[in-house]
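Residue numbers (the numbering used here), protein chains in the order written: chain A, 2 to 302; chain B, 466 to 955.
Note that beta-carbon positions come from the ideal geometry of N, C-alpha and C, so glycine has one too.
Worksheet: one structure, shown below.
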């Protein structure tokens with residue numbers, strides 16, 4: 002499917018600043034299942050953005066405005082084509098061969114270990130019991146896909162998806178108390194579980210088809226769609242398939258309505274905006290608007 | 466992971482019963498006479514009388530005080546106390562033959578560790594070949610995945626290293642740790658020599674001692690070699706975290722000696738992937754940054770976002786090849802104390818050579834057998850946090866209390882990757898002139914290695930002395946002193 006993405010960011014300071022450096026991760030990935038047709042980034046006050054790949058292979062842009070200013074804005078416009086219409090299009094391996102497939106992949110590409118070993122506040126080693134429910138353990142002989150589906154159900158038992166929530170938690174313990182969280186929160190929980198099983202799992206930020214932001218069937222007529230935001234989900238190295246996206250918020254496998262932007266160990270590796278400047282240190286006001294438009298109206302297969 | 470040690474139970478018995486008497490003595494041979502290379506000095510002291518040493522020691526202290534040679538001690542309660550650099554006037558002497566071996570061993574080690582860093586941050590062949598477990602790298606605090614695939618100028622990561630050597634009970638030199646991040650102490654090595662030469666010229670008259678004072682010139686040459694615009698165009702700065710850093714004295718010393726700018730993060734700015742120094746004449750392009758700011762604080766866009774000590778954009782400039790960073794960010798993974806245990810294997814793997822310098826036997830706390838053994842024998846172990854330095858985060862088994870040991874058991878079980886253990890090695894001893902008496906104290910040696918257009922080991926180093934009787938902790942931050950270190954020319 003083809004999409005146009007328009008991202009508009011504004012940073013407004015209460016007092017003037019200078020030496021303002023920004024690093025952004027908003028441009029779609031390019032690989033076998035997704036290609037970039039057009040990409041444009043405009044900055045005001047004028048600055049020359051430089052594109053580069055970071056240590057995870059994400060396309061990041063950076064630019065700096067050295068002179069004194071109070072407002073900085075940028076607009077990223079991209080056109081992208083996604084191809085993964087059927088996320089199940091891979092040969093299913095016998096469960097007895099799945100572990101060997103994973104170990105072989107880790108052996109060929111040791112960088113994948115980062116997505117097995119990493120633990121942090123957002124993706125800690127999970128306790129055996131959460132809210133008095135046992136944390137699922139890996140079951141020998143059961144296919145990975147089936148176990149991930151069970152994991153989805155478990156994640157929802159721990160915390161429900163709260164689409165309106167603005168802030169993600171800073172550590173998972175808080176999520177266990179709150180019983181509901183953002184897509185990023187649920188994704189971290191899923192990743193923590195899968196890493197505990199020894200599966201390579203990584204955090205993804207990206208865009209979603211605008212349809213996902215429409216009110217659901219039970220909402221009263223005339224409910225406006227939710228404002229579009231970056232979405233977050235997990236990718237798991239699935240035996241026989243490679244990286245596949247799993248969206249715990251909606252309980253789905255990511256297909257061609259998901260547009261990947263950046264991957265990392267957790268949310269801190271994929272920050273859409275990192276910036277720093279010299280000034281009084283007063284926090285700026287941030288505004289962001291996102292619009293994802295489908296360019297071809299062919300329905301998903 | 467400790468193969469070397471488990472096979473030889475004798476070593477454990479030895480360290481159990483070993484008192485300070487078992488330690489190798491640098492100065493005295495077995496018949497209680499000075500060793501051959503100390504005799505000219507000894508004869509001189511005997512000829513002039515020991516009282517002379519008292520006057521000289523006082524003079525040395527005054528000289529260091531006047532010169533402002535100080536260091537800072539941190540403790541839990543205080544912000545930091547500045548002290549005059551503690552210096553013992555009796556030099557430590559290393560023979561030419563010993564040095565030849567040490568120099569070859571250190572060069573070999575640094576060459577291998579640089580190949581290791583290049584590999585870890587690129588193809589990771591050593592992980593694919595199963596020589597080093599990926600867990601050590603990916604659970605290592607100082608592995609910086611943010612710099613994957615960056616090519617530093619000339620593929621050099623550790624331009625400046627300070628390798629800590631000790632001598633075991635048999636007098637064998639062993640590597641205790643590799644300091645590859647921002648090793649300090651080189652200014653003290655030079656100051657010690659300047660003071661020693663001034664106070665005791667008569668000692669020097671009896672020996673051919675190799676020079677160390679040219680270290681800043683060697684360093685400057687290496688830094689110029691790294692300049693992306695060529696050595697003639699090079700603008701070099703020493704980047705310091707500022708006056709509150711314990712090694713600030715050294716930062717100013719090196720900048721002054723090399724005739725380059727001393728800058729703090731706020732004095733530098735990046736634009737279009739280039740680094741500039743703010744001067745009264747405007748921005749001046751910088752080619753080489755000898756940074757004494759830790760990785761975490763170096764670039765708020767890449768590492769810790771709350772850092773105000775670094776330079777935003779400097780990693781991108783480095784990635785673009787427009788600036789050399791000395792040492793390269795990410796070098797710390799190669800001096801991680803858990804990776805240290807693998808250095809002999811790393812040398813064999815990249816160079817196909819047998820290691821010239823051996824390690825101190827090391828237990829990995831991630832290994833169940835090792836861990837069980839260490840937890841049963843804590844009184845005989847030194848337990849170290851893998852990513853700490855300066856003697857912080859360490860348990861000295863023989864001197865520990867039950868409460869301290871219990872605390873370490875808890876810490877180790879919580880995060881085994883974060884700890885290693887080594888049997889207590891009785892560091893070699895040397896005579897020191899302390900309060901009017903000649904007393905023996907334990908010491909180590911930190912030679913400095915510069916990697917530019919080739920690897921150079923400065924003939925000498927910083928000899929650190931544990932001034933407390935019987936103590937094995939030599940870190941200046943923990944009450945250690947120092948000696949001038951002489952390497953003989955022949």
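Sequence-ordered contacts of the segment 569 to 600 of chain B with chain A read 589, 592, 593, 599, 600 [C-beta pairs closer than 8 Å].
Straight through space, the alpha carbons of residue 538 (chain B) and residue 646 (chain B) are spaced by roughly 20 Å. Against chain B, the beta carbon of residue 51 (chain A) has neighbours under 9 Å at 737, 738, 781, 785, listed in chain order.
Among the CB atoms of chain B, one or more fall inside 7 Å of the CB of residue 114 (chain A). Annotation for residue 601 (chain B): the continuous alpha helix (DSSP H) segment containing it runs 599 to 603.
In chain A, no part has a C-beta under 8 Å from the C-beta of residue 557 (chain B); the shortest such distance is about 43 Å. In the three-state DSSP reduction, residue 592 (chain B) falls in the helix class (H, G or I). When CB distances to chain A are screened at a threshold of 9 Å, the residues of the segment 611 to 644 of chain B falling below it are 611, 612, 613, 614, 615, in chain order. 275, 277: these are the residues of the segment 253 to 285 of chain A whose beta carbon lies less than 7 Å from some beta carbon of chain B, given in chain order. For the segment 731 to 763 of chain B, the beta-carbon criterion of a distance under 7 Å to any beta-carbon of chain A is satisfied by 734, 735, 736, 737, 738. Counted as a single uninterrupted DSSP element, the alpha helix (DSSP H) harbouring residue 147 (chain A) occupies residues 145 to 159.
Residue environment for residue 857 (chain B): exposed (fewer than 16 other C-beta atoms within 10 angstroms of its C-beta).
In this structure, residue 917 (chain B) places its C-beta atom within 7 Å of the C-beta atom of residue 687 (chain B).
If only uninterrupted beta strand (DSSP E) runs of at least 3 residues are considered, those enclosed by the segment 696 to 770 of chain B are 701 to 704, 726 to 728, 733 to 736, 739 to 744, 747 to 751, 753 to 756. Apart from sequence neighbours up to five positions away, the residues of its chain that approach residue 127 (chain A) with a beta-carbon distance below 7 Å are 136, 193, 194, 197, ordered along the chain. Chain A has a Cβ within less than 7 Å of the Cβ of residue 603 (chain B).
It is roughly 32 Å from the alpha-carbon of residue 149 (chain A) to the alpha-carbon of residue 591 (chain B). Look at the beta carbons and you see the segment 707 to 724 of chain B not touching the segment 740 to 749 of chain B: under three pairs across the two are nearer than 8 Å. Judged by DSSP in its simplified three-state form, residue 273 (chain A) adopts coil rather than helix or strand. Chain B has a Cβ within less than 7 Å of the Cβ of residue 111 (chain A).
In the pairwise beta carbon analysis, the segment 271 to 283 of chain A is classified as not touching the segment 177 to 192 of chain A: fewer than three pairs are separated by under 8 Å.
The bridge partners DSSP lists for residue 894 (chain B) are B:490, B:907. Chain B has a Cβ within less than 7 Å of the Cβ of residue 56 (chain A). Beta-bridge partners of residue 290 (chain A) (DSSP): A:9. Under the 7 Å criterion on CB atoms, residue 63 (chain A) is classed as interfacial with respect to chain B. Scanning A:123, A:139, A:66 for the CA closest to the CA of residue 129 (chain A) turns up A:139. When the five nearest sequence neighbours on each side are left out, the beta carbons in the same chain lying within less than 7 Å of the beta carbon of residue 43 (chain A) are those of 75, 76, in order along the chain. For residue 23 (chain A), DSSP records a beta bridge to A:64, A:276.
Assigned with DSSP and collapsed to three states, residue 84 (chain A) falls in coil, not helix or strand. Distance between residue 221 (chain A) and residue 215 (chain A), taken at the CA atoms: about 12 Å. The Cβ atoms of residue 678 (chain B) and residue 702 (chain B) do not sit closer than 7 Å to each other.
Where residue 513 (chain B) is concerned, there is no enclosing beta strand (DSSP E), although the alpha helix (DSSP H) around it starts and stops at 504 to 513.
For residue 606 (chain B), no beta strand (DSSP E) segment is defined, and its DSSP state is neither H nor E. Under the three-state reduction of DSSP, residue 830 (chain B) is assigned to coil, being neither helix nor strand. For residue 178 (chain A), not one C-beta of chain B is nearer than 7 Å to its own C-beta.
Rounded to the nearest angstrom, the Cβ distance from residue 653 (chain B) to residue 927 (chain B) is 6 Å, consistent with a contact under 8 Å.
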